[in-house]
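Report on the following structure.
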Amino acid sequence: MSDFMSRRDLDFLLYEWLDVVELTKHEHFAEHSRDTFDAVLDLSADIATKRFAPHNKKADHNPPFVDETGKVVLIDEIKQALDDFNAAGLMASSFDERVGGMQLPNVVAQSSAAFFRAANPATFSYAFLTVGNANLLTEYGTDEQIDTWVRPMLEGRYFGTMCLSEPDAGSSLADISTKATKAADGTYRVTGTKMWITGGDHELTENIVHLVLAKVPGGGPGVKGISLFIVPKFLTDGTRNDVALVSLNHKMGNHGTTNALLNFGDGSHRPTDEPGAVGYLVGEEHRGLAYMFHMMNEARVAVGSMATAIGYAGYLTSLEYAKVRTQGRPVGDKDPTRSQVPIIEHADVKRMLLAQKSYVEGALALGLYCARLVDEMRIFTGAELDEANLMLEVLTPIAKSWPSQWCLEANNLGIQIHGGYGYTTEYDVEQQYRDNRLNAIHEGTHGIHGIDLLGRKVVMQDGAGLKLLQGRINETVQAALQSEATADYARELQAQTERLVEVTATLWAAGDPETTLANSTAYLEAAGHIVMAWIWLEQLNAVGGNTGNFYDGKRAAAQYFFRYELPKVTTQLDLLASLDRTTVEAQVDWF
321 MSDFMSRRDL DFLLYEWLDV VELTKHEHFA EHSRDTFDAV LDLSADIATK
371 RFAPHNKKAD HNPPFVDETG KVVLIDEIKQ ALDDFNAAGL MASSFDERVG
421 GMQLPNVVAQ SSAAFFRAAN PATFSYAFLT VGNANLLTEY GTDEQIDTWV
471 RPMLEGRYFG TMCLSEPDAG SSLADISTKA TKAADGTYRV TGTKMWITGG
521 DHELTENIVH LVLAKVPGGG PGVKGISLFI VPKFLTDGTR NDVALVSLNH
571 KMGNHGTTNA LLNFGDGSHR PTDEPGAVGY LVGEEHRGLA YMFHMMNEAR
621 VAVGSMATAI GYAGYLTSLE YAKVRTQGRP VGDKDPTRSQ VPIIEHADVK
671 RMLLAQKSYV EGALALGLYC ARLVDEMRIF TGAELDEANL MLEVLTPIAK
721 SWPSQWCLEA NNLGIQIHGG YGYTTEYDVE QQYRDNRLNA IHEGTHGIHG
771 IDLLGRKVVM QDGAGLKLLQ GRINETVQAA LQSEATADYA RELQAQTERL
821 VEVTATLWAA GDPETTLANS TAYLEAAGHI VMAWIWLEQL NAVGGNTGNF
871 YDGKRAAAQY FFRYELPKVT TQLDLLASLD RTTVEAQVDW F
């Protein structure tokens, strides 16, 4: 059993709540069973415990550097861990057999990944980006591109990246300046600079497959002119492509993951007579951003899952500490000669642990629910497929941002529980907080996802996404109303959901998008808490009348969330309904 992720919780979510074994009734997953699922989880926990966790702190203290030859140097344990991960076939776990995968349900693959994300998020980042890269190319690439680039990635011989941001164009992709011009042989020559490229350069694999957004002449202004290219570090004949490492960025966390500033086509490693790095077009010209959203949306949910896992590890770390650290005596016990008690016996420490538990167990459930939707999209057709896709669209900004905010708070509380020891480098909770702080920025800030949720997802298809979410919540509410133990929670959730729908209508009825979107982050937080309350009610319905410490712990965490967290939504919805313009009207000169 790992000490950074709960196998018991995963088993509950997979088998008692989501009923993933039911997926094996469908042809796509018919070769699997609970036995194969359990075997993958056992193997994942073992490799994560023996190969990933031991060097988590060492990598934090020994970040990558560039040696005198220009090569990136990492501690040896990172490659050793990833080699074992690849040897087990886990990189290919959720991919179809036709491309060399195990064809596991995504929900099981994400449960497997939870162990690695919690054990060592920096090392696992190389793998999760490679999986996203390969998924995009499997969806939109040609058969030749799949054979050339995807299969080696799934074998672990190549790793992949996504190259979007530039020094002067971060999240504003319409303003990128990287260019691509078509060459006589049908390939393209890519020139430009990309920033914040996770896994951008290293010596861990034979090759690095960069997916690069660039503009082809004649494509029109803004995002309409963006195309997507495969730009490998090495060409298929082994020639070095014109991709140059300019420098490594040094972040506050995830020190074991390289983060690079790359130049494409600056002449450092020119492979042809024509200037520029050789690139291979993915799909059609000028549709690159639509293709990249496939990877970006996958990465957004993955970032939320990364935040969840780091928060979960922090919760378990602080829980163990609270059980063994003695300090103080019970309230009312004034005898100084009596032994001090473990701090977990103090009400305020239990408050912090319940908060952590409610955040991380709720977020883990949300992430796996989203993964289950991906599986439904593989096996369903027609209206069921459309519904699963729409549901995932609506939940994606929440699944990314909510864990990035509240599982970080779980890490913050982990430091608090440790007291003075918590902010020293000798204790894991300090690193866990730093590692997790990055996830609120990775793949878009809360502000970006607030605008995405309020400005796009809840109004798309004439509000069909919000109606679908409300319908799913109502199904859970109706089931919970049948039990006296959960009826009050059900009524509260129903009322808050109805209010969210009303406020959404109020915001858009204003006829002023600037005012409507001004407080979209507050909307994201309110909607996120409502979704999390729904996920907790779903778990309580699955708990039913079961007894024992595990189930009682679920009930206590749900009670905490409904009594301490969900009421916060009322104030946020009041603010939104008022169409407040404080942030709009604040003048630049006032700051």
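When you read off a place in the sequence shown, starting at 1, and then add 320, the result is the number in the numbering used here. Using N, Cα and C, we set each Cβ at its ideal position, and we do this for glycine too.
Whole-angstrom C-beta distance between residue j and residue i, which should lie under 8 Å
{"i": "Ile466", "j": "Leu457", "result": "6 Å"}
{"i": "Asn759", "j": "Met626", "result": "6 Å"}
{"i": "Leu773", "j": "Tyr843", "result": "7 Å"}
{"i": "Asp695", "j": "Asn426", "result": "5 Å"}
{"i": "Val669", "j": "Tyr635", "result": "That pair is no contact at about 13 Å."}
{"i": "Arg371", "j": "Ala401", "result": "4 Å"}
{"i": "Ala810", "j": "Leu857", "result": "6 Å"}
{"i": "Leu710", "j": "Ile771", "result": "In fact, because the Cβ distance is near 19 Å, the residues do not count as touching under 8 Å."}
{"i": "Glu605", "j": "Val543", "result": "Not confirmed; about 13 Å, so no contact."}
{"i": "Val551", "j": "Arg471", "result": "With a Cβ gap of about 18 Å, Val551 and Arg471 do not count as contacting."}
{"i": "Gly728", "j": "Gly631", "result": "Strictly speaking, residue 728 in this sequence is Leu, with Gly absent from that position. Their Cβ separation, rounded to whole angstroms, is 7 Å, which keeps Leu728 and Gly631 in contact under 8 Å."}
{"i": "Ala675", "j": "Tyr880", "result": "7 Å"}
{"i": "Gly519", "j": "Leu449", "result": "5 Å"}
{"i": "Gln660", "j": "Arg649", "result": "6 Å"}
{"i": "Gly576", "j": "Val529", "result": "The pair is not a contact, with the Cβ atoms about 20 Å apart (cut-off 8 Å)."}
Three-state class that DSSP yields for residue i in the structure shown
{"i": "Glu763", "result": "coil"}
{"i": "His530", "result": "strand"}
{"i": "Lys912", "result": "No information on residue 912 is available, as it lies outside the stretch 321 to 911 that the chain covers here."}
{"i": "Ser326", "result": "coil"}
{"i": "Ser926", "result": "The question about residue 926 has no answer here: the residues shown for the chain are numbered 321 through 911."}
{"i": "Leu548", "result": "strand"}
{"i": "Ile517", "result": "strand"}
{"i": "Thr646", "result": "strand"}
{"i": "Ser353", "result": "coil"}
{"i": "Pro384", "result": "coil"}
{"i": "Arg560", "result": "strand"}
{"i": "Asn866", "result": "coil"}
{"i": "Glu594", "result": "coil"}
{"i": "Pro374", "result": "helix"}
{"i": "Arg883", "result": "helix"}
{"i": "Leu524", "result": "coil"}
{"i": "Asp894", "result": "helix"}
{"i": "Val392", "result": "strand"}
{"i": "Arg776", "result": "helix"}
{"i": "Thr468", "result": "helix"}
{"i": "Thr369", "result": "helix"}
{"i": "Leu899", "result": "coil"}
{"i": "Glu604", "result": "coil"}
{"i": "Lys535", "result": "strand"}
{"i": "Gly631", "result": "helix"}
{"i": "Thr507", "result": "coil"}
{"i": "Leu636", "result": "helix"}
Cβ-based burial, residue i [other Cβ within 10 Å; buried from 16]
{"i": "His570", "result": "exposed"}
{"i": "His762", "result": "buried"}
{"i": "Val904", "result": "exposed"}
{"i": "Met321", "result": "In this prediction, Met321 scores a pLDDT of 48, lower than 50, which makes its location untrustworthy; no coordinate-derived value is stated."}
{"i": "Arg757", "result": "buried"}
{"i": "Met482", "result": "buried"}
{"i": "Val644", "result": "exposed"}
{"i": "Asn406", "result": "buried"}
{"i": "Asp362", "result": "exposed"}
{"i": "Lys720", "result": "buried"}
{"i": "Met572", "result": "exposed"}
{"i": "Trp910", "result": "exposed"}
{"i": "Ala807", "result": "exposed"}
{"i": "Gly506", "result": "exposed"}
{"i": "Ser445", "result": "buried"}
Extent of the continuous beta strand (DSSP E) run through residue i
{"i": "Lys502", "result": "Lys499 to Lys502"}
{"i": "Val651", "result": "No beta strand (DSSP E) holds Val651; DSSP gives it neither H nor E."}
{"i": "Met780", "result": "Note, Met780: premise wrong, no beta strand (DSSP E); alpha helix (DSSP H) at Met780 to Ala800."}
{"i": "Met482", "result": "Tyr478 to Cys483"}
Extent of the continuous alpha helix (DSSP H) to which residue i belongs
{"i": "Asn731", "result": "Gly702 to His738"}
{"i": "Asn685", "result": "One detail in the question is off: residue 685 reads as Ala in this sequence, not Asn. Per DSSP, Ala685 belongs to the alpha helix (DSSP H) from Ala667 to Ile699."}
{"i": "Leu582", "result": "That residue, Leu582, is in no alpha helix (DSSP H); its beta strand (DSSP E) goes Asn579 to Phe584."}
{"i": "Met473", "result": "Arg471 to Leu474"}
{"i": "Glu905", "result": "Thr902 to Glu905"}
{"i": "Glu750", "result": "Asp748 to Arg757"}
Proximity test, residue i beta-carbon vs the ligand ATP heavy atom, cut-off 8 Å
{"i": "Leu456", "result": "The ligand ATP is absent from the structure shown, which contains no ligands of any kind."}
- [ ] Output the residue ranges of the alpha helix (DSSP H) runs that lie fully inside the region 802-832 and measure 4 residues or longer, sorted by chain position.
- [x] 804-829
- [ ] For the region 397-457, list the alpha helix (DSSP H) runs that are entirely contained and at least 4 residues long, ordered along the chain.
- [x] 426-439
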